[in-house]
Structure formats: C-alpha cells, structure tokens
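These notes concern the structure reproduced below.
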C-alpha cells in the first residue's frame, strides 16, 4: 500500500476507479448548481433550454427577476457583508490577543483556560445560538418588564448574530494565529529590545509583521465562515436576514434558477478570496 | 520586565479572553441550563421543576428523534471515515508532486461553497425532476420520474458530503508524518494488508481519526439544513425540534431543555470517544 510495496494490477485499478468516483461525487453537486444558473428555463432541471444571463440581469419586466434586480436578496447580501465584517474584526483581534496570551505568557491555570478556549468547537452551532438568545434576549425581556427600558441591541438582530458567530470563530482564528506565533524565534524580539526598542515598538516592528500572513489567513477564514454560517445565525436573526437564512427561506418556497445564480456567485466569491489568501501565504517565505 | 509590568500585561491580555469566554460561552450556557429547569405557571410567575425533562421522556416524539439523530450521526461519522480514508491515504502517501497539491485542493473546493449551496446541489441532482431521474429515464432504466430525495439515504449522502473535508484534512496531516519504514517493516515481518493497516497505520493515524470523527460528529449532530431540506416528512432532526420550540412556539423553557439534552449527548459522545482512544481534547483540536 506504499510506493515501495508491490501491488496487484487489480488492486490498482480498483483504487483508481474509487478515486475517480470520489472526485465525481465531490464535484457533481457544485457543477450542476453552477450550470443551471444559465439555463433558460424557470426551474433548475433538465431539459437544457439554452444559455441565458436572465437569472443575473433580468429586471422583472418579462416575469423574471434576476439577482441584480432582486432587492430582497441584495439586502440580505449586504446584511451578510456587514455581519461578516464585524465578526472578522472582533474575532481576529481577540485571536491575536489570545494567541499571545497562550503562546508567550506563563500563568497559573493556563491549561484549564486553554481547554475552555477550545470549548466552542465542540458545542453544536445551534446550541451556541440558543444559549445567546436565551441569555441576552431574555435579559432584554426582563429589563423591559421590570424597568420599562428597551435594550434593543439584545433582541434578535445584527448585534446578536455577530456575537453568536464571534463565539466560535474566535477559537478558530486563535488557533490559526497561535500556530504561527509558535514558530517565531523570541531572540528576534530580544535583539530589538537590546537595540533599545521598547516592548511595544518591538511588538509592532518585529513580531506583528511576522504574524501578518496568519492574521490575513484568519481574517479570510473568519469572513467566509461568518458568511456561510447558518446554524447559529438562524436562531439570532431579526428582521434583517443574512443571505444564508434568506436563501433558505426562498428554497422552502421552491427553487428557481435565481438561487443557482446566487450560489454560483458565492462559490466564485469565496474561491477568489481563498486564492488571494493562499497566493499571499505562498509568496511570503515563512 | 519588572514583575508589576508583567502582571499588568498579563491582565491586559487576559481580560479580552475572559470577557469572550465568560460573556459569550459560560454565562449563556448556564442561563440556558437555569431556564430549562424553570416552569412557567402563568405569564409572569415561574417555579422550579423538571417538567420540561419529563415532557421529553413521556413524549415519544422527542426522544425517538433524539435517539435517531444520535444514531444517524454516528453512522454518518463512520461512513465519512470509511469514504475519506483511502482518499487521504492516496493524497498523503501515493500521489506525487503536482498531483498531490491538486488533489488536496480539489478536496477543499466544495467547502468554499456554503452548506446551503452544497445541499441545494444535491437537491437538484436527486429530486423527482432532478438530473439523476432524467438520466435514468434517458437510459431507459426507469419508466417515469424517480424520487430519490426526501429519505434517509439522501440525508446520509448529504451529511457525509458535508463532513468529508473535516475528515480528509486531519487524516492527510497525520498520515503525512508517518515513517514508511514502519509500514515496510510490517510487511517484512509477514503482515498482510489487513494486519499492517490494523497494527501500524491505524494506531499511527489515531489522533487524526479522532479529531476528524469528533468534528464530523459534532457538525452532523448539530446540522439543520441538510436533514430538513433533504429528509422526508418523518425524518425529523433534533435541531429542528429545538428550532420549533424557540422560534415557532416561543416555548423557551422546553427549547432550553432540549438544547441542554443535545449538548449533554454531544459532550458525552465526544468524551467517550476521547477516553476510548486515549486522546485528549487539547491534542486533537489544539
């Protein structure tokens, strides 16, 4: 089963067939989603009726509303972008601080706190959403009942969605940044201190530039994860729904090629983002 | 650094971490636990009790779904491992140079699209008016449209698809670090394929297997989209019941109790998995 051990032709053939089948399984759903975004028919199914850009560009006059004229979807897209922006900012900032805390400092109870830091990864997303809903929205209800003060930030809506997503995305960004900080040679920082830099200057001129690739990597990941998240978001969303929730609601009513158009756009967008980040990290010597 | 400056920087770094973990993870979960033991007597009076948990055990609909979700998640995790292992083996040990990077990238691509997009792709393939049905008819293997969606097999296909990346990546990482001499030695000592796999490869890959299984199990148990969109009328998922209690029926007490039960189930199985294989959470996730 390794290169140096001879295998039978029969086994090799079977293995190859399995690989091909696997990659077909992997590609097929995405391929059909993309292709049917351009089918000139009201449903994403065969037969193929010819190529059209209507599902992007139609302005509603011919009974079809393309993505770029669909105000509901565009508003949802904008909500998702805003949520993802704030989630990225907060979780990457927290990730940097946590990484330094766990990689560079020694203190009592560190092991215990590290395991606490990992916890959000083993809590189902729905539960993260539910617990935040129960606590913050419940608090808003209690405050309103007791004192008549309306704490609207804590009602389902954008702030709660951001909080819910930050909960688990922070753990991921911490792990990404900490992995790179672990490879940092502290002598570089000591050299800067010996040359007369203050700790703060040394941090910003030596350590932070070293961390930057992982910070960008963590930011791209945080943005994508936030954009795609459904399980936590669905529990916390108010009247302005992010894109995944809006798509889900549409999908329950029935599927149209507009959904394919959005899906293809999402795939292309996240692929581009992923490629930019990968290209960045490859071009920098680590 | 003087001790007091060291102490100050420790607290400066510790504070954001504590705020995040306490305000977004610990307190909300404790509050969820508290609410699950509250019984609503009238619109503004509450008493302590276990009524919600009694409901769970007396209403067979609740606990049947609970057991079903757990069993199907375990099955999905197992299938994902079986499907992913040969692929990870090929990428880590058999593919060379460019092919290796290319195949690994191909495994990542579907995960740049969101769970919703992936599930949607499967719906286009499997449903009555879908592609597989059309192909079967075109080939003359079926007389009329065939419905392949809305059953448990479809749900499992979708769930395995969703979990693959989280299984392939840790497996490739651990298998990559394995010394081929160990495998050769296994064959030299007269081991068959099965013996070498069982005695050498699997023990070596165990950290990757455990971390992949934990993540896939967690994601499957807590998934919402795939079972709802691809499952039939009778194939409810436990997350759906939590959602119904919170959002549709506004019965937070019951929803919180169901949430606690799901959390207990997932923690218990993750804990058991770690204990049985002698791994620690820190080792497999951190």
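Protein chains in written order, with my numbering: chain A, 259 to 544; chain B, 14 to 299. Beta carbons: idealized from backbone N, C-alpha and C, even for Gly. Computed from a prediction, not measured in an experiment: that's the story for all the values here.
Minimum Cβ-Cβ distance from residue i to chain A less than 8 Å
{"i": "residue 334/B", "result": "What is shown of chain B runs 14 to 299, which leaves residue 334/B out entirely."}
{"i": "residue 154/B", "result": "no"}
{"i": "residue 252/B", "result": "yes"}
{"i": "residue 240/B", "result": "no"}
{"i": "residue 66/B", "result": "no"}
{"i": "residue 69/B", "result": "no"}
Separation of residue j from residue i, as counted between CA atoms
{"i": "residue 25/B", "j": "residue 427/A", "result": "21 Å"}
{"i": "residue 543/A", "j": "residue 276/B", "result": "Residue confidence for residue 543/A is low, a pLDDT of 42 falling below 50, so the modelled location carries little weight and cannot support an answer."}
{"i": "residue 4/B", "j": "residue 141/B", "result": "With chain B covering only 14 through 299, there is no way to say anything about residue 4/B."}
{"i": "residue 284/A", "j": "residue 174/B", "result": "7 Å"}
{"i": "residue 389/A", "j": "residue 265/B", "result": "10 Å"}
{"i": "residue 295/A", "j": "residue 133/B", "result": "12 Å"}
{"i": "residue 200/B", "j": "residue 215/B", "result": "15 Å"}
{"i": "residue 344/A", "j": "residue 188/B", "result": "37 Å"}
{"i": "residue 73/B", "j": "residue 90/B", "result": "25 Å"}
{"i": "residue 247/B", "j": "residue 171/B", "result": "17 Å"}
{"i": "residue 239/B", "j": "residue 448/A", "result": "52 Å"}
{"i": "residue 129/B", "j": "residue 524/A", "result": "11 Å"}
{"i": "residue 393/A", "j": "residue 279/A", "result": "47 Å"}
{"i": "residue 296/B", "j": "residue 220/B", "result": "8 Å"}
{"i": "residue 47/B", "j": "residue 34/B", "result": "18 Å"}
{"i": "residue 260/B", "j": "residue 270/B", "result": "15 Å"}
{"i": "residue 192/B", "j": "residue 179/B", "result": "23 Å"}
{"i": "residue 317/A", "j": "residue 288/B", "result": "59 Å"}
{"i": "residue 435/A", "j": "residue 237/B", "result": "30 Å"}
{"i": "residue 374/A", "j": "residue 279/B", "result": "16 Å"}
{"i": "residue 367/A", "j": "residue 360/A", "result": "11 Å"}
{"i": "residue 38/B", "j": "residue 425/A", "result": "7 Å"}
{"i": "residue 62/B", "j": "residue 438/A", "result": "49 Å"}
Interface partners of residue i on chain A, CB under 7 Å
{"i": "residue 268/B", "result": "388"}
{"i": "residue 38/B", "result": "377, 378 and 425"}
{"i": "residue 290/B", "result": "Here the premise fails: no neighbours, minimum Cβ distance about 15 Å."}
{"i": "residue 33/B", "result": "352 and 428"}
Interface flag, residue i vs chain B, CB-CB below 8 Å
{"i": "residue 492/A", "result": "yes"}
{"i": "residue 271/A", "result": "no"}
{"i": "residue 481/A", "result": "no"}
{"i": "residue 418/A", "result": "no"}
{"i": "residue 275/A", "result": "no"}
{"i": "residue 489/A", "result": "yes"}
{"i": "residue 469/A", "result": "no"}
{"i": "residue 363/A", "result": "yes"}
{"i": "residue 544/A", "result": "In this prediction, residue 544/A scores a pLDDT of 37, lower than 50, which makes its location untrustworthy; no coordinate-derived value is stated."}
{"i": "residue 462/A", "result": "no"}
{"i": "residue 449/A", "result": "no"}
{"i": "residue 391/A", "result": "yes"}
{"i": "residue 355/A", "result": "yes"}
{"i": "residue 343/A", "result": "no"}
{"i": "residue 280/A", "result": "yes"}
Neighbour list for residue i in chain B, Cβ cutoff strictly below 7 Å
{"i": "residue 486/A", "result": "127 and 128"}
{"i": "residue 497/A", "result": "Per Cβ cutoff of 7 Å: no residues; residue 497/A is ~14 Å from chain B at best."}
{"i": "residue 297/A", "result": "Per Cβ cutoff of 7 Å: no residues; residue 297/A is ~11 Å from chain B at best."}
{"i": "residue 517/A", "result": "133"}
Beta-carbon proximity of residue i to residue j, cut-off 8 Å
{"i": "residue 341/A", "j": "residue 500/A", "result": "yes"}
{"i": "residue 528/A", "j": "residue 125/B", "result": "yes"}
{"i": "residue 223/B", "j": "residue 292/B", "result": "yes"}
{"i": "residue 272/B", "j": "residue 385/A", "result": "yes"}
{"i": "residue 495/A", "j": "residue 423/A", "result": "no"}
{"i": "residue 461/A", "j": "residue 442/A", "result": "no"}
{"i": "residue 185/B", "j": "residue 101/B", "result": "yes"}
{"i": "residue 298/B", "j": "residue 379/A", "result": "yes"}
{"i": "residue 503/A", "j": "residue 520/A", "result": "no"}
{"i": "residue 526/A", "j": "residue 354/A", "result": "no"}
{"i": "residue 251/B", "j": "residue 79/B", "result": "yes"}
Contact belief for residue i with residue j at Cβ below 8 Å, rounded distance in angstroms
{"i": "residue 286/A", "j": "residue 116/B", "result": "About 17 Å separates the two Cβ atoms, so there is no contact after all."}
{"i": "residue 281/B", "j": "residue 69/B", "result": "So it is not a contact: roughly 16 Å between Cβ atoms."}
{"i": "residue 357/A", "j": "residue 432/A", "result": "6 Å"}
8 Å Cβ cut-off: residues of chain B touching residue i
{"i": "residue 396/A", "result": "44, 48 and 265"}
{"i": "residue 301/A", "result": "142"}
{"i": "residue 358/A", "result": "26"}
{"i": "residue 529/A", "result": "122 and 125"}
Minimum Cβ-Cβ distance from residue i to chain D less than 8 Å
{"i": "residue 382/A", "result": "Going by chain labels, chain D is absent from the structure shown, which instead holds the protein chains A and B."}
Neighbouring residues, chain A, relative to residue i (Cβ below 8 Å)
{"i": "residue 120/B", "result": "284"}
{"i": "residue 276/B", "result": "381, 382 and 385"}
{"i": "residue 59/B", "result": "Under the 8 Å cutoff, chain A gives no residues; its nearest Cβ is about 11 Å from residue 59/B."}
{"i": "residue 131/B", "result": "287 and 288"}
Listed by chain order, chain B residues near residue i by CB distance under 9 Å
{"i": "residue 524/A", "result": "125, 126, 127, 129 and 130"}
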